[in-house]
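S.K.: One point on numbering: in our numbering, the residue at position 349 of the sequence shown is 349, and numbering is uninterrupted.
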Amino acid sequence: MAENTTNTCRICLLKIGETERYYSLNKDNELMLQSKLLDFLPEIDLNITPKPIACNRCTITIEEIYEFKQLGIQTEITIRNLRQQAAVKEFLDENIKAEPSDLKIFSDDYLEINTDVPACIEEPSTTELYPFNYNNYQTSNRTLLTNYEEPFKCNVCDYCGVTKLGLKMHMRKHTGEKPFKCNICDYCSTTKNDLKIHMCRHTGERPFKCNVCDYCSITKPVLKMHMHMHTGKKPFKCNLCDYCSTTKSKLEMHMRKHTGVRPFKCNICDYCSITKWDLKVHMHKHNGEKPFKCDICDYCSTTKSNLKLHMQKHTSVKPFKCNICDYSSITKWVLKIHMHKHTGEKPFKCDICDYCSTTKPKLKMHIHKHTGVRPFKCNICDHCSVTNRDLKLHMRKHTGEKSFKCTICDYCSINKWDLKIHIRRHTGEKPFKCNLCDYCTTTMSQLKTHIQKHTAE
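1) For CYS200, report the span of its alpha helix (DSSP H) as first-last.
2) Quick one: what's THR8 bridged to in DSSP?
3) Report the three-state DSSP secondary structure of ILE53 (helix, strand or coil).
4) So, LEU309 versus THR331, is the Cβ gap smaller than 8 angstroms?
5) For TYR23, write down the residues that DSSP places opposite it in a beta bridge.
6) CA-CA distance, THR407 and ILE197?
7) Determine which residues share a DSSP beta bridge with SER445 and list them.
8) Measure the C-alpha to C-alpha separation of ILE11 and VAL212 and round it to an integer number of angstroms.
9) Quick check: the stretch 16-26 against the stretch 51-59, are there 3 or more CB pairs under 8 angstroms?
10) Which value, in whole angstroms, describes the spacing of the CA atoms of ASP45 and LYS69?
11) Consult DSSP for SER301 and reduce its assignment to one of helix, strand or coil.
12) So the candidates are HIS370, PRO375, MET395; which of them puts its Cα closest to the Cα of CYS381?
13) Residue range of the alpha helix (DSSP H) that ASP418 falls in?
14) On a CA-only basis, which of ILE184, SER301, ASN193 is nearest HIS202? Give me that one, please.
15) Are the Cβ atoms of THR190 and THR78 separated by less than 8 angstroms?
16) Rounded to whole angstroms, what's the CA-CA distance from LYS360 to CYS350? Just pull it up for me.
17) Pull up the distance between the alpha-carbon of GLU43 and that of GLY288, whole angstroms please.
18) Between HIS366, TYR22, GLU64, which lies nearest to LYS51 when the distance is taken from Cα to Cα?
19) On the CB-based measure, 16 or more other CB atoms within 10 Å of its CB, does SER24 come out buried or exposed?
20) Restricting to Cα atoms, I'd like to know which of ILE65, ASN26, ARG374 is closest to LEU41.
21) Which of the three DSSP states, helix, strand or coil, is assigned to SER413?
22) Starting from GLY166, trace the alpha helix (DSSP H) in both directions and tell me its first and last residue.
23) Taking just the CA atoms, how far does MET199 sit from ILE423?
24) Look up GLY72 in the DSSP assignment and say whether it is helix, strand or coil.
25) Helix, strand or coil: how does DSSP classify SER328 here?
26) What are the boundary residues of the alpha helix (DSSP H) that includes LEU41?
27) Give the DSSP bridge partners of LYS293, in chain order.
28) For LEU251 and TYR299, I'd like the C-alpha separation in whole angstroms.
29) Closest by CA to ARG172, which one among VAL156, ARG206, CYS182, TYR187?
30) Just to confirm, are LYS168 and CYS160 a CB contact at a threshold of 8 angstroms?
31) In angstroms, rounded to a whole number, what distance separates the CA positions of HIS450 and CYS437?
32) Alpha carbon to alpha carbon, what distance is there between CYS353 and THR455?
33) Compare the Cα-Cα distances from GLU67 to each of LEU33, ILE48, ASN47 and report the closest residue.
34) Suppose only complete runs of 4+ residues qualify. What are the alpha helix (DSSP H) ranges in the stretch 358-401, listed by chain order?
35) My guess is that LYS448 and CYS440 are in contact by the Cβ rule of under 8 angstroms, so how many angstroms apart are they, rounded?
36) Look up SER245 in the DSSP assignment and say whether it is helix, strand or coil.
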């Protein structure tokens with residue numbers, strides 16, 4: 001984006017606001033605006049204006065006119081290629097002949113008397129016209145279209161195309177050729193359009209705007225997907241369950257849950273994932289990388305979503321609220337788990353014993369009790385634990401860290417739960433009550449010990 005003291009568009013001569021985008025016309029930048037403008041408007045002299053600029057609207061117009069011209073040129077190339085093919089010779093011969101029409105012809109004697117009558121009257125035709133897919137031509141002879149064959153065939157796969165350019169672009173998939181290179185980074189693409197989309201990432205340009213909210217996107221298909229959020233439309237439906245999605249790619253990922261296909265495999269361990277993104281997150285466990293860092297504390301995360309959740313702890317924002325009690329949570333998922341306390345629902349069941357849990361991770365930890373698997377190992381002693389959380393608590397025994405401190409006395413503990421029990425000594429709270437007598441206690445373990453006295457009697 002160029003600097004300009006006047007902030008006036010060289011094309012439309014309208015003032016450009018301080019917050020509006022504008023682009024330099026002084027020399028070719030990554031958008032190649034000067035070349036594109038002079039390509040269809042050579043009469044304009046940009047040298048008479050110091051530091052000429054174009055507003056965002058005129059920039060989009062220049063791009064559209066340039067693309068329209070390129071489309072016209074490509075159409076001419078396509079037609080010339082079609083003319084050279086023996087398969088379309090008959091089609092071209094028919095195309096230059098007039099389609100038969102039902103005309104009523106009047107004699108010259110009749111016209112001398114009736115001067116207001118035209119020489120011929122065209123009557124409405126009932127003949128069905130069949131369109132040709134590649135231009136606006138229509139014909140009543142359907143065989144001219146159905147017998148047409150795509151002449152450009154790939155010698156590697158089954159691809160067939162209508163134009164030589166289309167076949168050339170297809171062949172790049174086999175050869176790996178990427179002739180269109182970004183002059184800012186190392187990105188390369190097989191098509192000019194893909195490079196154009198990539199350049200928007202450098203310029204920050206998002207020409208496709210939502211007419212409902214402030215959302216803007218680089219491409220029209222992405223904007224179309226965004227609009228589904230406003231309309232609630234989910235056109236892609238699973239034929240095995242009730243799942244619906246806004247995009248075809250999301251539906252394809254969902255179908256892998258039914259098929260069990262996990263195409264993305266870790267080259268270090270046996271982990272496989274449904275999506276490439278999940279595999280990328282998994283690889284952080286091997287390399288220890290946590291690229292997403294909190295700018296307030298030392299917290300680091302493997303995913304941006306986890307960092308976003310962590311940031312809400314600093315802001316104390318808990319947007320998801322329970323409609324039964326005063327509970328609120330950072331995420332919708334945690335609120336959903338909380339609701340199980342009200343409904344009593346425990347959807348995750350162990351297939352070995354009667355254990356049920358409110359979450360899948362809890363069930364997974366429970367299964368380790370049956371299998372004896374303790375995957376989290378201490379690198380100092382022989383201790384192994386079922387969960388990563390238990391291992392972290394164990395490590396504090398080695399480090400001596402007691403990060404949970406009482407605000408009333410000098411008590412410190414390794415974990416939050418021990419501190420919570422300690423606080424009850426100050427408050428006098430005894431939430432665990434015996435249903436056989438008046439006994440109350442601060443912990444569940446003490447209540448269980450007390451219950452055994454009743455059962456012994």
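Virtual Cβ for every residue (Gly too), placed ideally from N, Cα, C. Being a predicted model, the structure only gives us computed values, none of them experimental.
M.R.: Taking the geometry as given:
1) 192-203
2) LYS15
3) strand
4) yes
5) In DSSP, TYR23 forms a bridge with ALA54.
6) 56 angstroms
7) None; SER445 has no bridge partner.
8) 29 angstroms
9) Verdict: yes, contact present.
10) 21 angstroms
11) Of the three classes helix, strand and coil, the one that applies to SER301 here is strand, per DSSP.
12) MET395
13) 416-427
14) ILE184
15) no
16) 10 angstroms
17) 60 angstroms
18) The shortest Cα separation from LYS51 among HIS366, TYR22, GLU64 belongs to TYR22.
19) buried
20) For the residues ILE65, ASN26, ARG374, the minimum Cα distance to LEU41 belongs to ILE65.
21) strand
22) 164-175
23) 58 angstroms
24) helix
25) In this structure, SER328 counts as strand in the three-state DSSP scheme.
26) LEU41 -> no alpha helix (DSSP H), and no H or E assigned at all.
27) CYS300
28) 34 angstroms
29) Ranking the options by Cα distance to ARG172, first place goes to VAL156.
30) no
31) Going by the C-alpha atoms only, they are around 10 angstroms apart.
32) 24 angstroms
33) Put simply, of LEU33, ILE48, ASN47 the residue whose alpha carbon is nearest the alpha carbon of GLU67 is LEU33.
34) 360-371, 388-399
35) The Cβ separation is near 14 angstroms, so there is no contact.
36) Three-state DSSP puts SER245 in a strand.
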